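Trainee:
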Amino acid sequence: MEKRRSFIKDLLQSTEVDRDVNVKGWVRTKRGNKQVAFVAVNDGSTINNIQVVIDIANFDENIVKNITTGASVNVNGLLVKSVAQGQNVEIQAKEIEIYGTADPEKYPLQKKRHSLEYLREIAHLRFRTNTFGAVFRIRHAMAFAIHKYFNDKNFYYLHSPIITGSDAEGAGEMFRVSTLDIENPPKGEDGTINFTEDFFGKETNLTVSGQLEAELGATALSNVYTFGPTFRAENSNTPRHLAEFWMIEPEMAFYDIHDNMDLAEDMLKYLIKYALDNCMDDLKFLENRLLEEEKNKPQNEKSEMKLIEKLEFILKGNFERLTYTEAIKVLENSKPAKKGKFQFPVEWGIDLQSEHERYLVEKHYKKPVILVDYPKNIKAFYMKQNDDGKTVRAMDILFPGIGEIIGGSQREEDYDKLSTRIKEMNIPEKDMWWYLETRKFGTVPHSGYGLGFERLMLFVTGMSNIRDVIPFPRTPKNAEF
RNA sequence: UCCUCAGUAGCUCAGUUGGUUAGAGCACCUGACUGUUAAUCAGGGAGUCGUAGGUUCAAGUCCUACCUGAGGAGCCA
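So the first sequence is numbered by this note's numbering: it starts at 2 and just counts up by one.
1) When the Cα atoms are used, what is the spatial distance from Val445 to Val373?
2) Quick one: measure Cβ to Cβ for Phe442 and Phe400, integer angstroms, because I've assumed they're closer than 8 angstroms.
3) Between the Cα of Glu405 and the Cα atoms of Glu455, Pro186 and Glu252, which residue gives the shortest distance?
4) Using the Cα positions of Arg6 and Glu198, report the straight-line distance between them to the nearest angstrom.
5) I'd like the span of the beta strand (DSSP E) that includes Ser448, first residue to last.
6) Report the partner residues of Glu483 according to the DSSP bridge assignment.
7) When the Cα atoms are used, what is the spatial distance from Ile309 to Ile68?
8) Closest to Gln212 by CA distance: which of Glu204, Gly202, Lys107 and Asn224 is it?
9) Between Arg475 and Leu117, is the Cβ-Cβ spacing less than 8 angstroms?
10) Report the three-state DSSP secondary structure of Val76 (helix, strand or coil).
11) Pull up the CB-CB distance for Leu277 and Leu222, whole angstroms please, since I reckon it's below 8 angstroms.
12) Going by DSSP, what residues sit across from Phe39 in a beta bridge?
13) Should the stretch 361 to 370 be called in touch with the stretch 312 to 331, which here means at least 3 C-beta pairs below 8 angstroms?
14) What is the residue span of the alpha helix (DSSP H) that Lys66 lies within?
15) For a test of the three-state rule: what should DSSP assign to Val393, helix, strand or coil?
16) When the Cα of Met175 is compared with those of Leu316, Ala144, Phe145 and Glu245, which residue comes out closest?
17) Rounded to a whole number of angstroms, what is the C-alpha to C-alpha distance between Arg121 and Asn23?
18) Taking Ile92 and Val53 to be in contact with their CB atoms under 8 angstroms, please state how far apart those CB atoms are, rounded to whole angstroms.
19) Take the Cβ of Leu292 as the centre, count every other Cβ of all protein chains shown within 10 Å, and call the residue buried at 16 or more, exposed below.
20) According to DSSP, simplified to helix, strand and coil, what is Trp435?
21) Across the stretch 180 to 191 and the stretch 250 to 266, are there enough close Cβ pairs to call them in contact, namely three or more that are closer than 8 angstroms?
22) Could you pull the start and end residues of the beta strand (DSSP E) that Ile183 belongs to?
23) Please check the pair Asn89 and Ser83, which I expect to be a contact at CB under 8 angstroms, by giving their CB distance rounded to whole angstroms.
24) What do you get for Ala215, buried or exposed, if any count of 16 or more other CB atoms within 10 angstroms of its CB means buried?
25) Classify Met426: buried if its beta carbon has 16 or more other beta carbons within 10 angstroms, exposed otherwise.
26) What's the call for Arg114, buried or exposed, on a 16-neighbour Cβ count within 10 Å?
27) Taking 8 angstroms as the limit between beta carbons, can you name the residues of its chain near Lys4, skipping five residues before and five after?
28) Where do the N-terminal and C-terminal ends of the alpha helix (DSSP H) with Lys330 fall, by residue?
29) Asn50: buried (16+ other C-beta within 10 angstroms of its C-beta) or exposed?
And the structure:
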């Protein structure tokens, strides 16, 4: 009797009407009068709801009463052309089963729009909103597109370890992993904690980067990428940082820094195009949401482009590529520098501040910028040294509104140069023996980069807080859910 | 971690130089309406004013500390 369940996404596109269908989902709204009720049902397959029309006379009073915002329902009915404006098809209900009621007095979501801050406090339910439905459908699409992109390019997906015994990445503070009794840890004669009694027989932490391990893979498989969770115990309280985030780290043998930049730019464009080709309904919703949000803002705070326009714009042109040294010159000759408007003065050798990056991307070039050849003193030990003795082949890709979305480099493949640099920077060499051996045996020029998945998500969705593009954000003082 | 701002009904917010019984919109409930589209109209219930101290005849309002959130900065992806 009961038809197989259809997804609402498919029914809304169907031209085959006057047939029995079954949908299962959650009630978004109910409208109507004594005779007829209109129930908007959503099953997550699309941002759009299907309208279920209930002839009240044909249904038990309790059923109709319990169809409230948030309730889960099983609907059998006839898919028909809608006689009213607003939707092409709707379902004339024949049977309705309520799986679970949602007490309207207590259900925290209303038909009306909520603030993102409030929804963050009910992250277990925020999936049921249009905004987060859209965001997480896009998040899936982006994750899928990343695998597809690399797979189509002969990259292998490499699982780098989550637990790491090396703290040499230098990418930030780490979370310790230990099974020792925290109240009463075993101690050596000198009073320090004896980690040889710990689970792994040594100090271990959650990974801050899979890069070093990816490099090992690349020295045999040629092209690999990692895509996994990454953990940083930094006390960062910004809309761009998480303590737990997802990072994509491709690593390519026989790639120099230019090949590296080409790949990174191509990949970003591919991902943005994928979103435009596959997530239009959700993007349109998010675009309207942004317009609504900016309605009351003063003109100078409004975005210059609408969301979809902004994404299409990225596809059109090439990213601006220049060296760090050239960027410093541009900044030195800029209006804000001459008027003393920068809070941090510009000079060769400094690490660029947010205000400098934003000037380059948002004011000067007005498009994504790739900076290369940074001073070696402000970059990591593994980056390939240039012949000038001052710079390394590092590259950062800066996006409008986001800042650094990708950081990467050509890696130093020369054993002597690398081990000298490790000594100079006081990195514990004994922990790095395996990394150094790849330079001892059949070393090759190679490159790679790290893409912050949530930063990509910020850009693609137009959301402004990184906590709203990951299902369960982990930030300082917050690990609820 | 630093700087700034905020915390009042389920949600979003107003609340004057400190002064009667703390308000509005939405949501919710009840009623009306023969097809609604954030439905509409009428009525109703709803509050430990973030927490703890302090000043005062009197504190939502002033002071101190703390908690939580947001924005900016640093760290970075």
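All residues carry an ideal CB built from backbone N, CA and C; glycine is no exception.
Nothing here was measured: the structure is a model prediction, and the numbers come from that model.
Mentor: Per the coordinate set shown:
1) For Val445 and Val373, the distance between alpha carbons rounds to 21 angstroms.
2) Taking a contact as a CB-CB distance under 8 angstroms, the pair Phe442 and Phe400 does not count as one, their CB atoms being some 38 angstroms apart.
3) In terms of CA proximity to Glu405, Glu455 leads the group Glu455, Pro186 and Glu252.
4) Their Cα atoms are separated by approximately 55 angstroms.
5) DSSP places Ser448 in the uninterrupted beta strand (DSSP E) bounded by His447 to Gly453.
6) Since the first and last residues shown for the chain are 2 and 482, residue 483 lies out of range.
7) Rounded to whole angstroms, Ile309 to Ile68 spans 36 angstroms at the Cα level.
8) Per the Cα distances, Asn224.
9) Contact: no.
10) Here DSSP, grouped into helix, strand and coil, assigns Val76 to strand.
11) The beta-carbon separation of Leu277 and Leu222, rounded to 31 angstroms, does not stay under the 8 angstroms limit for a contact.
12) Listed as beta-bridge partners of Phe39 by DSSP are Arg32 and Val54.
13) Taking one beta carbon from each stretch, the stretch 361 to 370 and the stretch 312 to 331 have 3 or more pairs nearer than 8 angstroms; the two touch.
14) Glu62 to Asn67 is the extent of the alpha helix (DSSP H) around Lys66.
15) Strand.
16) The residue with the shortest Cα to Cα distance from Met175 is Glu245.
17) Roughly 33 angstroms separates the two Cα atoms.
18) That pair is a contact at about 5 angstroms.
19) The residue is exposed, with fewer than 16 neighbouring Cβ atoms inside 10 Å.
20) Reduced to three states, the DSSP call for Trp435 is helix.
21) Proximity of the stretch 180 to 191 to the stretch 250 to 266 falls short of the contact definition, fewer than three beta-carbon pairs being nearer than 8 angstroms.
22) Neither: Ile183 is in no beta strand (DSSP E) and is coded neither H nor E.
23) So it is a contact: roughly 6 angstroms between Cβ atoms.
24) When all chains shown are included, Ala215 counts as buried.
25) Exposed, by the Cβ-count rule.
26) That one is exposed.
27) So the list reads Asp21, Val22, Asn23 and Asn77, once near-sequence residues are dropped.
28) In the DSSP assignment, Lys330 falls within the alpha helix (DSSP H) that extends over Tyr325 to Glu333.
29) When all chains shown are included, Asn50 counts as buried.
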